[in-house]
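Q: My structure is below; once you've seen it, I'll send some questions.
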Amino acid sequence: MIRDFERTTTERLLLRRLQESDLDAVFTLHADPETNRFDSSGSLSSLDDARELLARWLGNWASHGVGYWAVERRDAPGTVVGFGGVRHKELEGQRVLNLAYRFSPQCWGSGYATEMARVALALAQKHIPDVPVVAIIHLENAPSLRVVERLGMRRDRVIDYEGIASAVYLAA
Numbered sequence: 003m004i005r006d007f008e009r010t011t012t013e014r015l016l017l018r019r020l021q022e023s024d025l026d027a028v029f030t031l032h033a034d035p036e037t038n039r040f041d042s043s044g045s046l047s048s049l050d051d052a053r054e055l056l057a058r059w060l061g062n063w064a065s066h067g068v069g070y071w072a073v074e075r076r077d078a079p080g081t082v083v084g085f086g087g088v089r090h091k092e093l094e095g096q097r098v099l100n101l102a103y104r105f106s107p108q109c110w111g112s113g114y115a116t117e118m119a120r121v122a123l124a125l126a127q128k129h130i131p132d133v134p135v136v137a138i139i140h141l142e143n144a145p146s147l148r149v150v151e152r153l154g155m156r157r158d159r160v161i162d163y164e165g166i167a168s169a170v171y172l173a174a
């Protein structure tokens, strides 16, 4: 377990390891059609789907000591406003750390994704420097593209990802 990943804070956010008790928040966020506008494969239609997704994410933590975080606002403890961070993944036969973020629509435009992602990139660079960090983003998802560009990630290529043309960005 990489302890720095388990629980950390930014000025406005608490980034913490996922727990079984996050099931309802996983379902609520991923069942919202608005949050799935560019990722239909991420849409959940039942609590069982959410349970499977959460189990997969908890498995990342158990296997690698790192995974996606539950994100809470520090001024509203206990309320999950999003999920994100890095997790191990295979992309085109290469082991990578996938940088991802998904926040409640009420939080869009707040800078939370960028704030969370900066911490994820810094921790990955410090603790897992031999594994490249990538972000795979639907070409039409302008808000997510702006986040990775603000982070200084560079566009490497365009791939067909789950049937959708997507840009692969690499951490600098």
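Numbers given in the numbering used here equal positions in the sequence shown, counted from 1, plus 2. Even for Gly, the Cβ is constructed at its ideal location relative to N, Cα and C. Quick caveat: nothing in here was measured; it's all calculated off a predicted structure.
Helix, strand or coil for residue 29 per DSSP?
A: By 1-based counting over the sequence shown, the position of residue 29 is 27. In the structure shown, residue 29 sits in a helix (DSSP, three-state: H, G or I).
Q: Short check: CB of residue 88 to CB of residue 126, under 8 Å?
A: Residue numbering aside, residue 88 sits at position 86 when the sequence shown is read from its first letter. Residue numbering aside, residue 126 sits at position 124 when the sequence shown is read from its first letter. Cβ atoms of residue 88 and residue 126: closer than 8 Å.
Q: Look at residue 172 and residue 156 and say whether their C-beta atoms are less than 8 Å apart.
A: Walking along the sequence shown from the start, residue 172 turns up at place 170. Walking along the sequence shown from the start, residue 156 turns up at place 154. In this structure, residue 156 lies closer than 8 Å to residue 172 by Cβ.
Q: Whole angstroms are fine: how far does the CA of residue 14 sit from the CA of residue 108?
A: For this step, residue 108 is matched to residue 106 along the sequence shown. For this step, residue 14 is matched to residue 12 along the sequence shown. Their backbone Cα atoms lie some 15 Å apart in a straight line.
Q: Out of 53, 168, 29, point me to the one whose CA is closest to residue 159's CA.
A: If you number the sequence shown from 1, residue 159 lands on position 157. Nearest C-alpha to residue 159: 168.
Q: So, are the CB atoms of residue 118 and residue 150 less than 8 Å apart?
A: On the sequence shown, residue 118 is found 116 positions in, with the first residue counted as 1. On the sequence shown, residue 150 is found 148 positions in, with the first residue counted as 1. No.
Q: Verify whether the separation of the beta carbon atoms of residue 12 and residue 121 is less than 8 Å.
A: Translated into positions along the sequence shown, residue 12 becomes position 10. Translated into positions along the sequence shown, residue 121 becomes position 119. In contact: residue 12 and residue 121 (Cβ atoms closer than 8 Å).
Q: For residue 84, report the span of its alpha helix (DSSP H) as first-last.
A: Taking the sequence shown and counting its residues from 1, the one referred to as residue 84 is at position 82. Where residue 84 is concerned, there is no enclosing alpha helix (DSSP H), although the beta strand (DSSP E) it sits in stretches over 82 to 93.
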